[in-house]
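Read top to bottom, the protein sequences are chains A and B. Its first residue numbered 434, the first sequence is counted upward by one per residue in the numbering used here. Its first residue numbered 434, the second sequence is counted upward by one per residue in the numbering used here. A virtual CB, placed ideally from N, CA and C, is assigned to each residue, including glycine. Keep in mind the model is a prediction, meaning the values are calculated, not measured. Each remark here refers to the structure printed beneath this line.
2 protein chains.
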Amino acid sequence: MDNFSFYNPTRIVFGKGSIANLPTQLATDQSILMLYGGGSIKKNFIYNDVKAALAGYRVIEFGGVPSNPEYEVCMQAADVVLREKIGFILAVGGGSVIDAAKFIAAVARNPQVEAWDIVSKKAPLRGALPIGVVLTLAATGSEMNNISVISRKSTQEKYAFSSDALYPQFSILDPQTTYTLPVEQIRNGLVDAFIHAGEQYMTFPNRNPLVDRQAEAIFSTLIEIAQDALRTPADYDARAAYMWCATQALNGHLRCGAPQDWATHRIGHELTALYGLAHAESLAPIWISLLRYKLEDKMEKLAQYGRRLWNLKMPDPRALAGQAIDRTEAFFNSIGMPTHLREFGVDAEAAAREIEHRFTERNVVWGENQDITPEVSAEIVRQAV
Amino acid sequence: MDNFSFYNPTRIVFGKGSIANLPTQLATDQSILMLYGGGSIKKNFIYNDVKAALAGYRVIEFGGVPSNPEYEVCMQAADVVLREKIGFILAVGGGSVIDAAKFIAAVARNPQVEAWDIVSKKAPLRGALPIGVVLTLAATGSEMNNISVISRKSTQEKYAFSSDALYPQFSILDPQTTYTLPVEQIRNGLVDAFIHAGEQYMTFPNRNPLVDRQAEAIFSTLIEIAQDALRTPADYDARAAYMWCATQALNGHLRCGAPQDWATHRIGHELTALYGLAHAESLAPIWISLLRYKLEDKMEKLAQYGRRLWNLKMPDPRALAGQAIDRTEAFFNSIGMPTHLREFGVDAEAAAREIEHRFTERNVVWGENQDITPEVSAEIVRQAV
């Protein structure tokens, strides 16, 4: 078990009707920027409930944050924050809106740095505006972490950055907000949460049994509730378990003392930047391909996962690890998630070449052993064809 | 799954040599009260390492906090805090020292209330002095929660109280600090952590699969590492897993959306107040007895636990639940923890009568169904003979 530090001050308010608790979380004298996406929150109860809860506050709305939140849009919102003397940003949405809120909050309090440098060069922050969240799509875990991922269309770039200043002060999680989501978004959220846990688990053994089992708790819960969560939108408990899994998969607990991979995310971000794939769609084919490519290095953890999660019994760990990957792929497919790039219309060979070029240019390697070179990344993309 | 809120801002610094990180967690201009217990920290590296890390700070020492921290001793320390204009309390110890630090921190900032009312009447707090922790005994989870348990010898009372003002700002967890502990304290810590998870798990099913599995992760890790942690003091990874289990068992995660029991703790606190049993010693016989007494109400969770943790296969859930309790008792016994009050020299009949009298006088009932009346508590004590 490796040394680690853990810190997560976000307050979670979870459950049915919890949007009504918004005023208990907010100081009364703040001007609030209410940030949201394409307007789906106006097609259900969310927009009205949030506005009702904010009655009495000065609220400026800023809608239209796109998925894979776009630098240019965020900068427009940052202008509004300065012009309107905003003191608090309330993100009403999923990971994209929350990530945008974090970036806008950082820009507003760090005039000393070029805004894009916060994203691309991880420029240190002097602080950030406080933010809060009303979650409407469970997937990225951004509601309870300090990470933001921002995209820039003009340069086809997408990067993650993080800072302790970016933890939301609070996040309100009402599983009922997910009832009206399209089935693909639930599928994406389930896979995203699964792979977030996977990036922190599927590495090499390091005698960290509690954290291993905490990751397995997320895998097995997602497997158990996936079909109910997909098929029955108003199955509150299935949606609640799904939502809490997504938050717990990336709130810092699973990296406590554990080696981490994240190569799938690095490659996936490039695929999204290049081809516009949804985040989870970019991860599923790459993770399955990477697990097969790295089977030898990850064999012990894959075998442990196969035994504990899929009840596999064969004595040969190599065969067991291979079978565990097959089961995972079948699980993704069973909830409607493709695991081949061609199913998304992506030319794997072209993508491999472009990603190898980009990673070579940036001089980066990935993975828990820092051995996923640009060439290896390209091969993983190629084999995800 | 029930509605819940979750908040835990304590920063954890975990690992080998982590005491050296103390200065990174402390403002330089504070006068620090260094609080500790009977002086065992002077028999190993802990005292010297803490003092070395605090070189340059104004440090006032206060040693001699007893296990089951005593009101009168805490009040003496509170006097020192006021006299010496202390700005920060550093607890160097286990649950007793940390709980004492929380109470002292509360007393120092709440002159408007009678100090014992904070404990006995849960008087609301206006704040508390900031505290930090160097953990030397993993058991109670106090290093990452807002709970304190204080005893008063003169009245044979022992109560828990809590407040969001009482979360430690940081806790430093170096598993090596446990290497020189007597084996009974490790045994007690393992059982304490197990029953903390148990109080939040062994209730009735409420479709909360992730939190169920997070509790099971703690059970299975404790079962897996208990013998190594006991027999091989310098088995770093076993001690690290044990320490992290104890913290995670009572840092708020396992009560997310879950019903809770805690009757065993209420009865156990009385046994400690009356007979001086160590906390875990008071819990083990009572929890086993309570599970048997409440087998019908807890049958479904006991059966799930039996299947998942002990690999029990019998089809009859009642038989399975009974077997699961037997296995748990055998596990406690296998690590040297008695599960009968007579083994601690306690007259169960006399204890039952006194506890029934006390609970009747206080007009309290316990348990997830609020049906553990004073009479039922007495019967549970009687059957723990």
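Can you give me the Cβ contacts of residue 545 (chain B) inside the same chain, cut-off strictly under 8 Å, excluding the 5 residues immediately before and after it?
559
Check the Cβ-Cβ distances between residue 611 (chain B) and every residue of chain A, and say whether any is below 9 Å.
Not one chain A Cβ lies under 9 Å of residue 611 (chain B).
With a 10 Å radius around its C-beta and 16 neighbouring C-beta atoms as the bar for buried, classify residue 676 (chain A) as buried or exposed.
Around the beta carbon of residue 676 (chain A), 16 or more other beta carbons sit within 10 angstroms, so the residue counts as buried.
Which runs of the beta strand (DSSP E), 3 residues or longer, sit entirely within the segment 536-614 of chain B?
564-568, 580-585, 590-595, 603-606
If distances are taken between C-alpha atoms only, which option among B:760, B:651, B:592 comes closest to residue 701 (chain B)?
B:592
Does any CB atom of chain A fall closer than 9 Å to the CB of residue 834 (chain B)?
Residue 834 (chain B) cannot be examined here, being either before or after the span of chain B that is shown, 434 to 818.
Closest Cα partner of residue 714 (chain A) within the set A:581, A:501, A:449
A:501
Determine, for residue 438 (chain A), whether the minimum Cβ-Cβ distance to residues of chain B falls below 9 Å.
yes
Residue from A:557, A:704, A:437 with nearest C-alpha to residue 783 (chain A):
A:704
Pick from A:506, A:525, A:476 that is closest to residue 492 (chain A), judged by C-alpha positions:
A:525
C-beta neighbour in chain B for residue 542 (chain A), strict 9 Å:
no
Between the C-alpha atoms of residue 532 (chain A) and residue 633 (chain A), what's the straight-line distance to the nearest angstrom?
21 Å
Residues bridged to residue 526 (chain A) [DSSP beta-bridge criterion]
A:568
Have a look at residue 863 (chain B) and residue 741 (chain B) and give me their C-alpha separation to the nearest angstrom.
Because chain B spans 434 through 818 in this model, residue 863 (chain B) falls outside it and cannot be assessed.
For residue 438 (chain A), report the span of its alpha helix (DSSP H) as first-last.
Not the alpha helix (DSSP H): residue 438 (chain A) falls in the beta strand (DSSP E), residues 437-439.
Chain B beta carbons: is any one of them nearer than 9 Å to that of residue 657 (chain A)?
yes
Do the segment 660-670 of chain B and the segment 681-692 of chain B meet, that is, are 3 or more Cβ pairs less than 8 Å apart?
no
How big is the Cα-Cα spacing for residue 509 (chain B) and residue 575 (chain B)?
22 Å
Specify, as a first and last residue, the run of the alpha helix (DSSP H) that residue 505 (chain B) falls within.
504-516
So residue 624 (chain A) contacts chain C; which residues on that side make the cut at Cβ distance below 9 Å?
Here chain C cannot be found, since the structure's protein chains are A and B.
Residues of the segment 561-587 of chain A whose Cβ lies closer than 7 Å to any Cβ of chain B, in chain order:
none
Return helix, strand or coil for residue 743 (chain B), following the three-state DSSP convention.
The answer is helix: DSSP assigns residue 743 (chain B) an H, G or I state.
Return the CA-CA distance between residue 802 (chain A) and residue 687 (chain A), expressed in angstroms with no decimal places.
Computed Cα separation, rounded: 18 Å.
Could you work out which residues of chain A lie near residue 681 (chain B), taking near to mean beta carbons separated by less than 7 Å?
643
Strictly below 7 Å CB to CB, what residues from chain A border residue 442 (chain B)?
Chain A residues near residue 442 (chain B): 442.
At least one CB of chain A closer than 9 Å to the CB of residue 483 (chain B): is that the case?
no
Tell me whether the beta-carbon of residue 710 (chain A) lies closer than 9 Å to the beta-carbon of residue 698 (chain A).
No, the Cβ-Cβ distance between residue 710 (chain A) and residue 698 (chain A) is not below 9 Å.
Leaving out five residues on either side along the sequence, give the residues of the same chain with a beta carbon under 8 Å from the beta carbon of residue 787 (chain B).
703, 707
Should residue 503 (chain A) be labelled buried (16 or more other beta-carbon atoms within 10 Å of its own) or exposed?
buried
Pairwise C-alpha distance: residue 530 (chain A) and residue 480 (chain A):
14 Å
Secondary structure at residue 644 (chain B), three-state DSSP: helix, strand or coil?
helix
Could you name the residues of the same chain whose beta carbon sits closer than 6 Å to that of residue 754 (chain A), not counting the 5 residues immediately before and after it, in chain order?
Cβ neighbours of residue 754 (chain A) beyond the five flanking positions: 728, 732, 735, 736.
Check the Cβ-Cβ distances between residue 651 (chain B) and every residue of chain A, and say whether any is below 9 Å.
yes
Note down the Cα distance separating residue 569 (chain A) from residue 487 (chain A), rounded to an integer number of angstroms.
17 Å
Using a cut-off of 9 Å between C-beta atoms, extract the partners of residue 448 (chain B) located in chain A.
By Cβ distance, chain A contributes 434, 435, 436, 437, 438, 690.
Chain A contacts made by the segment 664-677 of chain B, where a contact means CB separation under 7 Å
Those residues of the segment 664-677 of chain B placed with their C-beta closer than 7 Å to a C-beta in chain A are 670, 673, 674, 677, ordered along the chain.
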